[in-house]
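Here is the structure we will look at, set down as structure tokens.
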Amino acid sequence: MNFDLSETQKLFHSTVERFTRDVDVAAREKIRSTEHAYDTNRWSELAELGLLAIVANEDQGGLGGSLIDMSTIAEGLGSNNALDPWLENGALPIRLLSKANKTDILDSLIDGTKIAALAFAEPNSRYNLFPNEMLATAGHGAETVVLNGEKRFVMGGALADYLLVTASDNGVFGIYCIPSDSQGLETHRYQLSDGSLATVVSLNQTEVPASSKLAITFEQFKEVVAETCVLCSAEMLGLSQLLLNDTVSYVKEREQFGVSIGSFQSIQHGLVDCFSELEQMRSMLYRTLLLEKDTTADWSANVLGAKSFIADGANFIARNAVQYHGAMGITDEVTIGHAMKRILILSRMFGDAQDNLNNYLEVA
Amino acid sequence: MDMNYSEADLAFREEVRSFLKDKLTDRLKTGVERTPGVFVEPDIGLEWHQILHEQGWISHRWPVEFGGKGWTPMQTYILEKEFAIANAPRPAPISLGLIGPVLCRYGTPEQQAKFLPRIRSGEDFWAQGYSEPSSGSDLASLSMSAELIDGKYILNGSKIWTTHAQHANWIFCLVRTQVSEKKQAGITFLLVPMDQAGIEVTPIVSMSGDHEVNQVFFDNAQTRLENRVGEEGQGWEIAKFLLQNERGGSCFAPRMLVSIDSLEKAANNIANSDGSTMNNDGDFKRRLAKLKLRALALEFTELRIQADIANGRPAGPITSLTKLVYSNLSQDVQTLRNELYGYDGLQLPYDRPLYADDAPQAVGGAAAQVSLASFLNGRASTIYGGSNEVQKNIIAKRILGL
Ligand SMILES: Cc1cc2nc3c(=O)[nH]c(=O)nc-3n(C[C@H](O)[C@H](O)[C@H](O)COP(=O)(O)OP(=O)(O)OC[C@H]3O[C@@H](n4cnc5c(N)ncnc54)[C@H](O)[C@@H]3O)c2cc1C
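In order, the protein sequences belong to chains A and B.
First residue of the first sequence: 108, per my numbering; consecutive thereafter.
First residue of the second sequence: 9, per my numbering; consecutive thereafter.
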């Protein structure tokens, strides 16, 4: 038995660490205030470092990384509170296209020249993954499909060249990979809590080639979603580690009543509770990464249970980090608030802690 | 033990209700609903302030000789409850709830004559200059200096986390007039005009995107001797009086209960994953019910304190308990509210105000749009006005005798 990272995984971790280290709060603010709230030069760099290729299979021009490799990257991004949407605009769409073997588009995503976003959330379906409101119908010829409906919470939507839109064709699940400037497509941009720009996407009689439908089943889609939930968990773990480290340093430095506030027993106990959560979260992540995939459904339910557990822990740590920073903790000038706001997104992506727990109940 | 409404109470409730029906405009209500901050912006707050002033209710809690109403605790409670139900703005608490009572108690007749009417009319807007970069929970360690030269105090140093200092024309400050063995002894309470060369206000943006707090720098700023409240060295006593007012006789629960009820209503229109609505969701309903029970208990804790005060028994350190219970509860309500909105609850526009005509379009409705910013601002409630840890220290020491 051995829970150490392999040499390659350590290499990925340190690559990510170096890539994200220098973006402090001020640099972050600057990037967030640009038109797309991101610096696409960073995306090209991310591609050059192989962080996108690792997601796709080797026969598709990728590096065929394992979930453990990818989780190492996600944790590394979290531990520096990176603003790069690697998880939602890199790993997630590339994984989907890889599964569907959509190589013509994959190439441009792997080399970072194009960016994709998943449009799955619907206004009246909460966390349900099966599309009910986006409808696909036959187009004029047999060669086309017409899409109608609205999607929300399209993460990184403002950056995307391609949208992967989930839709129902008479109750049959499909994902359609369409250019983000398709006719009949309207977007409304809005800011999410991590400062990124999401979109509301409405499709009105948008006619696309039938070939834009990916060769992927609903079960396979759910599997990719579960994999992404592992990555969410890993990023939350990295963020939580960052929050704890920053807070421990802060309470050592900050003095009140002539002593460091870290000398107060209530703060010590509170931070020990955070540390204990963190260790439990790490164990849960490792357990998840090493789970045998007997059946995909069981595996997915276990993954969602783990995400629920890790999300609760991350939110707990974030709230305490803010609390122990005092008023400093509520400003936009320190990292911890930004980490908390990213955790809010990750913990709710593909269902909140309660919803994920209900998924877990099905197998527990 | 009883809690009956007298005929007079019922008549008073009718009066409050019809006043609200007449005077609380949609603009004001929207302003409250779409403000994620701890306090409403002055354009909303002051408009309502003026209306309350005309009605003669603005300073109802002050001593009668200074414009108070001398209402019974029941009447005060009725007013707060009706205002909460109607979602009325809360007029500037720093002016009315903090400095007003201080001046009533410690001010000279001249100070009272000058400042109290201007607080009541809304002409003056006050900021509270207590905290400093190195003095938060340990307030008595504060170091901003004031030196009396030729009938004027010369001020040097800085105050931080000063709520709405960007709107204020006056600030009351705790300053150090003497470096003494006992740090509480050399503190003095001064009233300082903001509009002068030696004062600079720099904004601090909160993680919600709101600009509520500031750092205020004093570089040889001045205030006249006649603007000192109490004697030199009496500042700490006055500060404690103010803090007790801030925490004591609170009436938090009515707004909390209204907020919980609104959550229940909102759930009727929010879709659940299975196609039904969230008001049928077992998990949500149980969490909501627990919050409601906590708020109902808090309401009676507050009423018990009000009744004690009315019966001549000062509230004392138990007010630390209501602050503690309320702030934890309010954070839990904000958490549930934000989670109710699902993905729409993750939007966080930085533009303000959100009730402006050119504000960004909300995704999933106005309430969803402000819920995350409210949640984030709400994290401050366990920090300001004495943090949770400080309140627990007070209770442990002064009530449990530990
Ligand atoms: C939104 C907001 C508005 C504010 N408005 C104003 C204003 O208008 N005017 C003004 O003067 N101030 C204002 N404040 C400041 C507020 O009063 C201080 O934040 C508060 O006193 C705490 O001080 P601090 O932030 O320096 O935290 P610190 O005192 O540094 O505390 C940091 C952490 O240590 C803990 N801690 C401190 N002492 C102890 C102890 N003895 N035992 C255990 N734990 C301890 C605290 O609970 C906290 O968790 C505001 C603050 C906020 C957040």
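Glycine included, each C-beta is placed from N, C-alpha and C at the ideal position.
Host alpha helix (DSSP H) of Leu396(A) (start-end) = By one-based count along the first sequence, residue 396(A) stands at place 289. It spans Gln372 to Leu396 - the alpha helix (DSSP H) in which Leu396(A) sits, taken as one unbroken run.
Taking 6 angstroms as the cut-off, does the CB of Ser370(A) come closer than this to any heavy atom belonging to ligand 1?
-> Against the first sequence, residue 370(A) aligns to sequence position 263. Incorrect: Ser370(A) has no Cβ contact closer than 6 angstroms to ligand 1.
Going by C-alpha distance, which of Leu236(A), Pro192(A), Met447(A) and Ala198(A) is nearest Leu555(A)?
-> Given a span of 108 to 471 for chain A in the structure shown, any question on residue 555(A) remains unanswerable.
7 angstroms Cβ cutoff, Gln120(B) in contact with chain A = On the second sequence, position 112 is the one that residue 120(B) refers to. No, its Cβ sits nowhere closer than 7 angstroms to a Cβ of chain A.
Do Gln363(A) and ligand 1 come close, with the Cβ less than 6 angstroms from some heavy atom?
-> Taking the first residue of the first sequence as position 1, residue 363(A) is located at position 256. Correct: Gln363(A) has its Cβ closer than 6 angstroms to ligand 1.
C-beta neighbour in chain A for Trp169(B), strict 7 angstroms = Residue mapping note: residue 169(B) aligns to position 161 of the second sequence, counting from 1. Yes, its Cβ sits closer than 7 angstroms to a Cβ of chain A.
From Thr294(A) to Ser356(A), what does the alpha carbon distance come to, in whole angstroms?
-> To locate residue 294(A), count along the first sequence from 1; it is residue 187. To locate residue 356(A), count along the first sequence from 1; it is residue 249. Going from the Cα of Thr294(A) to the Cα of Ser356(A) covers about 43 angstroms.
Closest by CA to Gln338(B), which one among Ala376(B), Ala315(B) and Lys298(B)?
-> Residue mapping note: residue 338(B) aligns to position 330 of the second sequence, counting from 1. The identity of residue 338(B) in the sequence shown is Ser, whereas the question assumes Gln. When only C-alpha atoms are compared, the closest one is Lys298(B).
For His376(A), does the count of other Cβ atoms within 10 angstroms reach 16, so buried, or fall short, so exposed?
-> Taking the first residue of the first sequence as position 1, residue 376(A) is located at position 269. It is exposed - the Cβ of His376(A) has fewer than 16 other Cβ atoms within 10 Å.
What's the C-alpha gap between Arg25(B) and Ala92(B)?
-> The count along the second sequence starts at 1 and reaches residue 25(B) at position 17. The count along the second sequence starts at 1 and reaches residue 92(B) at position 84. C-alpha separation (whole angstroms): 11 angstroms.
Could you tell me whether the Cβ of Met215(B) comes closer than 7 angstroms to any Cβ of chain A?
-> Reading the second sequence from its first residue, position 207 is the one you call residue 215(B). With 7 angstroms as the cut-off, Met215(B) counts as an interface residue toward chain A.
Pick out the complete beta strand (DSSP E) segments inside the region 117-148 of chain B, 3 residues or longer, and give them in chain order.
-> 134-137
Which runs of the alpha helix (DSSP H) fall wholly inside the region 416-456 of chain A and span at least 4 residues, in chain order?
-> 442-455
Where Ala135(B) and Ile391(B) are concerned, what is the direct C-alpha to C-alpha distance, given to the nearest angstrom?
-> Within the second sequence, numbered from 1, the residue matching residue 135(B) stands at position 127. Within the second sequence, numbered from 1, the residue matching residue 391(B) stands at position 383. Between Ala135(B) and Ile391(B), the C-alpha separation is close to 18 angstroms.
Would you mind sorting Thr43(B) into buried or exposed? The rule is 16 or more other CB atoms within 10 Å of its CB.
-> Against the second sequence, residue 43(B) aligns to sequence position 35. With 16 or more Cβ atoms within 10 Å of its Cβ, Thr43(B) is classed as buried.
Indicate whether Ile246(B) and Phe292(B) have their beta-carbon atoms separated by less than 7 angstroms.
-> Residue mapping note: residue 246(B) aligns to position 238 of the second sequence, counting from 1. Residue mapping note: residue 292(B) aligns to position 284 of the second sequence, counting from 1. Cβ distance not < 7 angstroms, so Ile246(B) and Phe292(B) don't count as in contact.
Any C-beta of chain A sitting closer than 7 angstroms to the C-beta of Gln252(B)?
-> Within the second sequence, numbered from 1, the residue matching residue 252(B) stands at position 244. So no, Gln252(B) is outside the interface.
Within 8 angstroms of chain B by C-beta, residues of the region 422-439 of chain A in sequence order = Arg426, Val429, Gln430, Gly433, Ala434, Gly436, Ile437, Thr438 and Asp439
Could you name the residues of the region 326-358 of chain B whose beta carbon sits closer than 9 angstroms to any beta carbon of chain A, in the order they occur along the chain?
-> Gln339, Thr343, Asn346, Glu347, Gly350, Tyr351, Asp352, Gly353, Leu354, Gln355, Leu356, Pro357 and Tyr358
Would you mind sorting Asn352(A) into buried or exposed? The rule is 16 or more other CB atoms within 10 Å of its CB.
-> As a first step, residue 352(A) is located in the first sequence; it is residue number 245 there, counting from the start. Exposed, since its Cβ has fewer than 16 Cβ neighbours within 10 Å.
Touch check for the region 305-317 of chain A and the region 388-395 of chain A: three-plus C-beta pairs under 8 angstroms?
-> no
Tell me the DSSP bridge mates of Pro286(A)?
-> If you number the first sequence from 1, residue 286(A) lands on position 179. Its beta-bridge partners are Tyr269(A).
Name the chain A residues whose beta carbon is nearer than 8 angstroms to that of Ser395(B)?
-> By one-based count along the second sequence, residue 395(B) stands at place 387. What Ser395(B) touches in chain A: Gln430 and Gly433.
Starting from the C-beta of Phe479(A), find all residues in its chain whose C-beta is less than 6 angstroms away, skip the five residues before and the five after it, and write them out in chain order.
-> The structure shown does not extend to residue 479(A), since chain A is modelled only from 108 to 471, so the question has no answer here.
If I'm right that Ile212(B) touches Ser328(B) with Cβ under 8 angstroms, what's the distance once you round it to whole angstroms?
-> The residue labelled residue 212(B) in the question sits at position 204 within the second sequence. The residue labelled residue 328(B) in the question sits at position 320 within the second sequence. About 27 angstroms separates the two Cβ atoms, so there is no contact after all.
Could you give the C-beta distance for Ile180(A) and Leu158(A), rounded to a whole number, given that I count them as a contact under 8 angstroms?
-> The residue given as residue 180(A) occupies position 73 in the first sequence. The residue given as residue 158(A) occupies position 51 in the first sequence. Confirmed, Cβ separation roughly 6 angstroms.
is_contact[Asn280(B), chain A] using C-beta, thresh 7 angstroms | To locate residue 280(B), count along the second sequence from 1; it is residue 272. It does: the Cβ of Asn280(B) has a partner Cβ on chain A nearer than 7 angstroms.
Val366(A) classed as buried or exposed, judged by whether at least 16 other C-beta atoms fall within 10 angstroms | As a first step, residue 366(A) is located in the first sequence; it is residue number 259 there, counting from the start. Exposed.
Is the region 235-252 of chain A touching the region 273-287 of chain A in the sense that three or more CB pairs, one from each, lie closer than 8 angstroms?
-> yes
How would you list, in chain order, the residues of chain A whose beta-carbon sits under 7 angstroms from the beta-carbon of Leu380(B)?
-> In the second sequence, residue 380(B) corresponds to position 372, counting from 1. Those are Ser300, listed as they occur along chain A.
Buried or exposed for Lys320(A), please, with buried defined as at least 16 other CB atoms from any protein chain shown within 10 angstroms of its CB.
-> For the purposes of this step, residue 320(A) is taken as the residue at position 213 of the first sequence. Buried, by the Cβ-count rule.
Is there contact here, the region 67-84 of chain B with the region 94-110 of chain B, by at least three beta-carbon pairs under 8 angstroms?
-> yes
Taking C-beta to C-beta, are Cys259(B) and Glu22(B) nearer than 7 angstroms?
-> By one-based count along the second sequence, residue 259(B) stands at place 251. By one-based count along the second sequence, residue 22(B) stands at place 14. Not a contact, by the Cβ cut-off of 7 angstroms.
Taking only beta-carbon positions, decide if Arg360(B) is within less than 7 angstroms of chain A.
-> Taking the second sequence and counting its residues from 1, the one referred to as residue 360(B) is at position 352. With 7 angstroms as the cut-off, Arg360(B) does not count as an interface residue toward chain A.
Neighbour flag for Glu144(B) against chain A, beta carbons, 7 angstroms = To locate residue 144(B), count along the second sequence from 1; it is residue 136. This sequence places Gly at residue 144(B); Glu is not what is there. Yes, contact with chain A.
When DSSP labels each residue in this structure, what does Val130(A) get in the three-state scheme?
-> In the first sequence, residue 130(A) corresponds to position 23, counting from 1. Reduced to three states, the DSSP call for Val130(A) is coil.
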